[in-house]
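A short write-up of the structure that comes next.
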Amino acid sequence: MKNTRAIAAVAFALLLSGCASAPGRVDDPFEPWNRAMYAIHKPLDDNVAKPIAQAYVDYVPRLFRMGVSNVLNNIDDLFSGINGLLQGKLEKAGNDFGRVTLNTGMGFGGLFDLASEMGIPRGNEDFGQTFGYWGIPQGPYLFIPLWGPTTVRDGTGSIIRIWYGPLGYLPYVPLRNSLYGLAAVDLRANALGTTSLVDQASLDPYTFIRRAYLQRREYEVYDGKPPPEKDDE
Amino acid sequence: MMSGAMLFRRTLVLLLAALALPALAQEAPDAMVKRVSGEVLQVVRSDPKVQAGDQQRIREVVETKLLPHFDFERMTALAMGRNWAKASPEQKTQLVDQFRTLLVRTYSGALTQYRDQVMEYKPMRADAAATDVTVRTEVIRPGQAPVQIDYGMAKTPAGWKAYDVIVGGVSLVTNYRDEFNEQIKSGGVDGLIKTLVDKNKAPVTK
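Protein sequences appear in the order of chains A and B.
Residues in the first sequence are numbered from 1 upward in steps of one, following our numbering.
Residues in the second sequence are numbered from 1001 upward in steps of one, following our numbering.
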């Protein structure tokens, strides 16, 4: 049941990315809609998400926060390894699975990131990058309130990632939701520096975030060696 | 009143600085990035005023240590793309000036965040005759993923100067090209200048 729904969601999203017509910008055909979403997101983020994340940083001991980040990174590393395999990047996948084994086994379930101390790099692969590697176009850009920038391709990847993430298997709903909440706070807290930089640097944050996100993803899909961009604005 | 000895000493210092300049102009681009970022980090770590967040002092450090190594005119022209040709000489001067201010304010605001970082420099493979190179560095922060920071640099008569900074794959110039384009589409070059001026008058976002 769960599988069918996931596959249906993926199929739908990929379909959407394939047939979207582009009236305005090629990469952001839904710009008016996305801007409306950004207008909803910004006050929610400024008044709710950001203060919570800031309080988390100010009042929760660093050691605890690092533990949370490490555990979440450990789960990400597992998925990164799977995506490394899906792209045939065996060295990266080996590193990621090695990291997970080491950090889970000897780092108390991922609380401590021993693998980084030992210099084993994180693969940083995800489903969106795998789709990109397979040649699937990014599809329309999307801005989702409280989630942030994504594309149809990357969003599909994120849905798969969350769907199969270990938290989904927790039977006790209140605990599961609390952990999702903690994961969200951790993510937002780690982005505090970036978002304040964007606010200061940008003339129009919407445009700034869009270009930065798309550049970043291109860079990640090509493992840091993106083809030179066409300068045809 | 300045004593003769002091005056002499100052002149001597200036003279020595002037003599040192041609030597610096010969400096290889990767060596220059390493030296300059080392100097800035050194100040960030040791200067009590910078650590206390004294914006004026931070601005001063950025202006004296960093700015001389950037080619802001080239940066602005690249960020303007095709629109650069449409701007009058006066507009160009204003654009370069305002863009520089925006970048200095942004960088100064962020500088204090980088206390604990360690820079790593990757060996540069470039022809000795090359006039345009990318210098690659990596910033290691405790407990976080490393960030790649690359500098697009070109050889000018005044030595190597950076014209782009690429942070984790995000090129500053490319990012601003979209922003500038959008402003120019809605309000022309003057509209963009006005947006930049207003942005620079607003208090620095924390």
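Where is the CB? At the ideal position from N, CA and C, for every residue including glycine.
Check your understanding: Nearest to B:K1161 by CA position, among B:T1106, B:T1011, B:A1028, B:V1118, is which residue?
Key -> For the purposes of this step, residue 1161 of chain B is identified with residue 161 of the second sequence, where counting begins at 1. The option with the nearest alpha carbon to B:K1161 is B:A1028.
**Message:** Using a Cβ-Cβ cutoff of 9 Å, what residues of the region 1033-1053 of chain B are near chain A? List them in chain order.
**Reply:** none
Check your understanding: Counting along the chain, where does the alpha helix (DSSP H) carrying B:T1174 start and finish?
Key -> The residue given as residue 1174 of chain B occupies position 174 in the second sequence. Start and end: 1172-1201.
Quick check: the region 117-124 of chain A against the region 150-162 of chain A, are at least 3 beta-carbon pairs closer than 8 Å? no
query = B:D1178 CB to nearest chain A CB: under 9 Å?
reply = Working through the second sequence from its first residue, we reach residue 1178 of chain B at position 178. Chain A, which has a Cβ nearer than 9 Å to the Cβ of B:D1178, makes this yes.
Looking at chain B, is there any beta carbon in it that lies within less than 9 Å of the beta carbon of A:S202?
Here residue 202 of chain A refers to the residue found at position 202 when the first sequence is read from its first residue. With 9 Å as the cut-off, A:S202 counts as an interface residue toward chain B.
On the three-state DSSP scale, how would you describe B:R1141?
Indexing the second sequence from 1 puts residue 1141 of chain B at position 141. Reduced to three states, the DSSP call for B:R1141 is coil.
In three-state DSSP terms, what is A:F143? Here residue 143 of chain A corresponds to residue number 143 of the first sequence, with the count starting at 1. Reduced to three states, the DSSP call for A:F143 is strand.
message: Less than 9 Å between CB atoms is the rule here; does A:E218 satisfy it with respect to chain B?
response: What you label residue 218 of chain A is simply residue 218 of the first sequence in a count that begins at 1. Yes, its Cβ sits closer than 9 Å to a Cβ of chain B.
TODO: Over the uninterrupted alpha helix (DSSP H) stretch that includes A:D186, give me the two end residues.
DONE: For the purposes of this step, residue 186 of chain A is taken as the residue at position 186 of the first sequence. Where A:D186 is concerned, the enclosing alpha helix (DSSP H) stretches over 173-190.
* Asked: Expressed to the nearest angstrom, what Euclidean distance is found between the alpha-carbon atoms of A:I209 and A:P145?
  -> Counting from one through the first sequence, the residue named residue 209 of chain A turns up at place 209. Counting from one through the first sequence, the residue named residue 145 of chain A turns up at place 145. The straight-line gap from Cα to Cα measures roughly 13 Å.
Based on the DSSP secondary-structure assignment, which residues constitute the bridge partners of A:P149?
For this step, residue 149 of chain A is matched to residue 149 along the first sequence. Looking at the DSSP assignment, A:P149 forms a beta bridge with A:F143.
Inspect the beta-carbon positions of A:S80 and A:D58 and report whether they are closer than 9 Å. For this step, residue 80 of chain A is matched to residue 80 along the first sequence. For this step, residue 58 of chain A is matched to residue 58 along the first sequence. Not closer than 9 Å, so no.
TODO: Since I believe A:G110 is in contact with A:T104 (beta carbons under 8 Å), could you give me their beta-carbon distance rounded to a whole number of angstroms?
DONE: The sequence position of residue 104 of chain A within the first sequence is 104, counting from 1. The sequence position of residue 110 of chain A within the first sequence is 110, counting from 1. Between A:G110 and A:T104 the Cβ distance is about 6 Å, and since that is below 8 Å, they are a contact.
> Can you give the Cα-Cα distance for A:G157 and A:G128, rounded to whole angstroms?
Replying inline: In the first sequence, counting from the first residue as 1, residue 157 of chain A sits at position 157. In the first sequence, counting from the first residue as 1, residue 128 of chain A sits at position 128. In a straight line, the C-alpha of A:G157 is about 5 Å away from that of A:G128.
Exercise. My guess is that B:L1196 and B:Q1098 are in contact by the Cβ rule of under 8 Å, so how many angstroms apart are they, rounded?
Worked result: Position 196 of the second sequence, counted from the first residue, corresponds to residue 1196 of chain B. Position 98 of the second sequence, counted from the first residue, corresponds to residue 1098 of chain B. Right, their Cβ atoms sit about 4 Å apart.
DSSP on B:K1122, reduced to helix/strand/coil?
Here residue 1122 of chain B is taken as the residue at index 122 of the second sequence, counted from 1. Reduced to three states, the DSSP call for B:K1122 is coil.
Check your understanding: Can you find a C-beta in chain B that's less than 9 Å from the C-beta of A:N74?
Key -> Position 74 of the first sequence, counted from the first residue, corresponds to residue 74 of chain A. No, A:N74 does not count as interfacial toward chain B.
*Span separating the alpha-carbon of A:E91 from that of A:R99*: On the first sequence, position 91 is the one that residue 91 of chain A refers to. On the first sequence, position 99 is the one that residue 99 of chain A refers to. Looking at the two C-alpha atoms, the distance is approximately 12 Å.
In terms of alpha-carbon separation, which member of B:I1058, B:T1134, B:V1133, B:I1166 lies closest to B:V1040?
-> Here residue 1040 of chain B corresponds to residue number 40 of the second sequence, with the count starting at 1. With distances taken between Cα atoms, B:V1040 lies closest to B:I1058.
Residues of its chain near B:Q1183, where Cβ-Cβ distance is below 7 Å and the 5 sequence neighbours each way are ignored: The residue given as residue 1183 of chain B occupies position 183 in the second sequence. So the list reads G1191, L1192, T1195, once near-sequence residues are dropped.
| Beta-carbon separation (whole angstroms), B:D1150 vs B:I1166, contact threshold 8 Å | Within the second sequence, residue 1150 of chain B is the residue found at index 150, counting from 1. Within the second sequence, residue 1166 of chain B is the residue found at index 166, counting from 1. At roughly 4 Å, the Cβ-Cβ gap stays under 8 Å, so B:D1150 and B:I1166 are in contact.
Pick out whichever of A:R62, A:P32, A:L167, A:R217 has its Cα sitting closest to the Cα of A:D76. Locating residue 76 of chain A in the first sequence gives position 76, counting from the first residue. Taking only the C-alpha atoms, the option nearest A:D76 is A:L167.
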